[in-house]
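According to the working numbering, the residues represented by the sequence shown are 32 to 357, in order. Structure, as structure tokens:
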Amino acid sequence: MSRVIKWGILGLGKIAHKFVNDLQLVADCELEAVASSSASRAADFADQYGADRFYSNYEDLYTDPKVEIIYIASLNQDHFAHALAAMQNKKAVLCEKPLAINHNQVVELIRCAKTHNTFLMEGLWTRFNPTFEQLEQWIVQGEIGTMRYLNATFSFNGLEYGVDSRLFNPYKGGGSLLDIGIYPLFLAYQLLGMPNSLQASAIKFATGVDVQTALILTYDKVQALLYSSFSHHEDMRATICGEAGEIYLDSRWHETGKINLVKEGKGFSEEFEFLGKGYSYEILEVNQCLREGKLESSKWSLQNSLDLINLMDQVREQIGMKFPME
Ligand SMILES: NC(=O)c1ccc[n+]([C@@H]2O[C@H](COP(=O)([O-])OP(=O)(O)OC[C@H]3O[C@@H](n4cnc5c(N)ncnc54)[C@H](OP(=O)(O)O)[C@@H]3O)[C@@H](O)[C@H]2O)c1
């Protein structure tokens, strides 16, 4: 048996429920305590998932001596303050994406992690799932030859949630780019690195945040066409083409268990059965890092998070989107 990692969760909304279901499937870790701004939400959550303690404020979670790592599941605009406070109390942090809303905040978080010698990772869960590992392996093995083209999208009809949804609220770090456009950008960045150039075009919602954004990232030999939207449904496959073959990630590509390789006219698929929904793989990575005393993951490093937010800052500059709190 490995050392048991004791988790706390801050912010008990939709994603916290999905995450904790997977946490319970991972061996040698426990849900120790949870915190919400609502006492009843904290009590109900603790009861539902068997947390030892619950708090109706975040401070008590930051200072709970038995909690080793805090999963920050609050809204985008609060990730910075919550991650900062957790690390100042010497807690390791797994923070939901985006790690923060801009470059300056991410730099400050990285500085804080180094000052307090604490582990910090952005919860880009797709990075850790077996389908993504297979994709990387095929590319490294040269299965599709020199890469030439990548296409990835992320869209759903968020208009159904109404104008008051956090999705459209600039004070809550809203807009499709930070919420879901981060996934296609992550895919291009992880496979290709920083582009030589980036062109962005957006359609704005009445509140000023982007309701849909299209991007072209240009590399020496590759173009990546990326897109995110809150204004319509789409089946969300991803395509990666090289001179010698193609790879298709099934719908929805960021969480799929199925990946397809086509070369010389022949198709081949790999299908993975996930442990839970797939958050389990980032949890396994964090547990492993903590047991080994690492302060960051080598699979999704702090530099990776910094590069990603730099790309999103560039996009926001081009489309003229500033958050009121910046
Ligand atoms: N990785 C993924 O697959 C995935 C999927 C969806 C979302 N996310 C990310 O997860 C985070 C949370 O998203 P969610 O869908 O779970 O959001 P949510 O359910 O709307 O809210 C999450 C928590 O944020 C706090 N909150 C809600 N409204 C607030 C307000 N007006 N002011 C201050 N705090 C407020 C509440 O914390 P308390 O319980 O403490 O009151 C709430 O429980 C976001 O950063 C999002 O980008 C990730």
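Glycine residues also receive a C-beta, built at the ideal position from the N, C-alpha and C atoms. Source: prediction; values computed, not measured.
| query | result |
| --- | --- |
| Quick one: what's N182 bridged to in DSSP? | L256 and T270 |
| K289 lies in the beta strand (DSSP E); which residues open and close that run? | K289 to K294 |
| Roughly how many whole angstroms lie between the Cα atoms of V65 and Q172? | 43 Å |
| Just the Cα atoms here: how many angstroms apart are G193 and A74? | 29 Å |
| Using a threshold of 6 Å, is the CB atom of G39 nearer than that to any non-hydrogen atom of ligand 1? | no |
| Taking the C-alpha atoms as reference points, what is the distance between K145 and E274? | 43 Å |
| Mapping DSSP to helix, strand and coil, what is K235? | strand |
| Suppose you measure from the CA of S311 to the CA of G324; what does that come to, to the nearest Å? | 20 Å |
| Does ligand 1 have even one heavy atom less than 6 Å from the beta-carbon of E127? | yes |
| Can you tell me whether K325 sits near ligand 1, meaning its C-beta is under 6 Å from at least one heavy atom of the ligand? | no |
| What are the start and end residues of the beta strand (DSSP E) that includes L280? | E277 to L280 |
| Run the proximity test for L216: is its beta-carbon closer than 6 Å to any non-hydrogen atom belonging to ligand 1? | no |
| In three-state DSSP terms, what is A47? | helix |
| Do N107 and G204 come within 7 Å of each other at the CB atom, strictly closer than that value? | yes |
| Flag this pair as touching only if the segment 231-243 and the segment 137-151 have three or more C-beta atom pairs under 8 Å; answer yes or no. | no |
| Might you give, ordered along the chain, the residues of its own chain that have their beta carbon closer than 8 Å to the beta carbon of L59, omitting 5 neighbours on each side? | Note on residue identity: the sequence assigns Asp, not Leu, to residue 59. So the qualifying residues of the chain are M32, S33, R34, V35, I36 and N318. |
| Flag G189 as yes when its Cβ comes closer than 6 Å to any non-hydrogen atom of ligand 1, and as no otherwise. | no |
| Since M178 and L151 should fall inside the 8 Å C-beta cutoff, what is the C-beta to C-beta distance between them, to a whole number of angstroms? | Not quite, the Cβ-Cβ distance comes to about 31 Å (not below 8 Å), so this is no contact. |
| By Cβ distance, which residues of its chain are closer than 6 Å to F305, with the 5 residues on each side in sequence left out? | G288 |
| Give me whichever residues DSSP pairs with Y86 in a beta bridge. | A66 |
| Quick one, which of N291, T249, E99 and K128 has its alpha-carbon nearest Q168's? | N291 |
| Would the C-beta of N107 count as close to ligand 1, meaning under 6 Å from any of its heavy atoms? | yes |
| For K49 and N160, what's the separation of their Cα atoms in angstroms? | 16 Å |
| With a 10 Å radius around its C-beta and 16 neighbouring C-beta atoms as the bar for buried, classify P226 as buried or exposed. | buried |
| Could you tell me which of E286, R322 and F299 sits nearest to G307, measuring between CA atoms? | E286 |
| Just checking, does the segment 328-342 make contact with the segment 68-86 on the three C-beta pairs under 8 Å criterion? | no |
| Whole angstroms are fine: how far does the CA of I101 sit from the CA of T149? | 11 Å |
| Less than 8 Å between the CB atoms is what I'm expecting for L41 and I103, so what's the real figure, rounded? | 5 Å |
| Tell me whether G206 is buried or exposed, calling it buried when 16 or more other Cβ atoms sit within 10 Å of its Cβ. | buried |
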